[in-house]
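Chemist: Got a structure for you, written out below as structure tokens; questions coming shortly.
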Amino acid sequence: MKDHQIQVRVRYSETDQMGVVYHGNYIPYFEIGRVEWLRDKGISYKNMEESGIGLPIVSMNINYKKSARYDELLTVHTTFKSQSSVKIEFDCAIYNESEELLTTAQFILVFVALKTGRPTAPPDYILDLLKRIE
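Using our numbering, the letters of the sequence shown correspond one by one to residues 126 to 259.
So this is what it looks like as structure tokens:
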């Protein structure tokens with residue numbers, strides 16, 4: 126339950142003239158993974174924001190190992206790593222159709238009250254979820 130996978134196809138607009146995914150376009154792939162990780166656990170990121178809680182990235186570390194290419198079907202793996210006070214951490218990886226590891230990443234996000242922009246405790250439904258999967 127700590128893990129989730131989703132597939133994303135590389136679009137032409139995400140690549141350079143050689144058909145290789147531009148390095149900055151991996152970040153949205155990882156975002157899709159995190160949002161769908163939450164959805165898989167019954168949590169809508171949209172509803173969380175509507176209730177006044179945001180989850181911005183405060184730290185990310187990305188390691189590029191091999192290029193993704195136009196029209197490849199990528200699998201984004203998202204794994205919950207830890208949660209402490211206002212922070213939540215994820216380990217992520219992207220594989221191509223041949224199951225070759227292309228990219229790894231670590232993300233730290235902070236729960237923020239959207240009205241104030243200040244860190245806040247995670248909502249109870251998030252804490253309940255994390256207790257169930259730890």
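Backbone N, C-alpha and C define an ideal beta-carbon position, used for all residues, glycine too. If you're wondering where the values come from, they're calculated on a predicted model, not measured in any experiment.
1. For Tyr151, count the other beta carbons within 10 Å of its own beta carbon; 16 or more makes it buried, fewer makes it exposed. Which is it?
2. Can we say the region 218-226 touches the region 160-178, given the rule of at least three CB pairs closer than 8 Å?
3. Between Asp264 and Thr204, which are expected to be in contact by the criterion C-beta below 8 Å, what is the C-beta distance as a whole number of angstroms?
4. Tell me whether the beta-carbon of Val160 lies closer than 8 Å to the beta-carbon of Val146.
5. In terms of residue numbering, what span does the beta strand (DSSP E) encompassing Arg257 cover?
6. Once DSSP output is grouped into helix, strand and coil, what is the label at Tyr189?
7. Relative to the C-alpha of Ile251, which candidate in Ala230, Pro153, Val211, Tyr220 has its C-alpha closest?
8. Starting from Leu226, follow the beta strand (DSSP E) in both directions and report where the run begins and ends.
9. Residue range of the alpha helix (DSSP H) that Tyr154 falls in?
10. Do you know whose CA, among Lys190, Asp128, Tyr195, lies nearest Ser138's CA?
11. Go ahead and label Pro153 buried or exposed: buried means 16 or more other beta carbons lie within 10 angstroms of its beta carbon, across all protein chains shown.
12. For Thr241, which beta-bridge partners are listed by DSSP?
13. What would DSSP say about Tyr97, mapped onto helix, strand or coil?
Modeler: Based on what the coordinates show:
1. Counting Cβ neighbours within 10 Å, Tyr151 comes out buried, since at least 16 surround it.
2. In short, these stretches do not touch, since the Cβ pair count stays below three.
3. Outside the modelled stretch of the chain, which goes from 126 to 259, sits residue 264, for which no answer is possible.
4. No.
5. Not the beta strand (DSSP E): Arg257 falls in the alpha helix (DSSP H), residues 249-258.
6. In the three-state DSSP reduction, Tyr189 falls in the strand class (E or B).
7. Closest option to Ile251, Cα to Cα, is Val211.
8. Element bounds for Leu226: 226-235.
9. That run of the alpha helix (DSSP H) goes 151-165.
10. Considering only alpha carbons, the answer is Tyr195.
11. Looking at its Cβ environment, which holds fewer than 16 other Cβ atoms inside 10 Å, Pro153 is exposed.
12. According to DSSP, Thr241 bridges with nothing at all.
13. Residue 97 cannot be examined here, being either before or after the span of the chain that is shown, 126 to 259.
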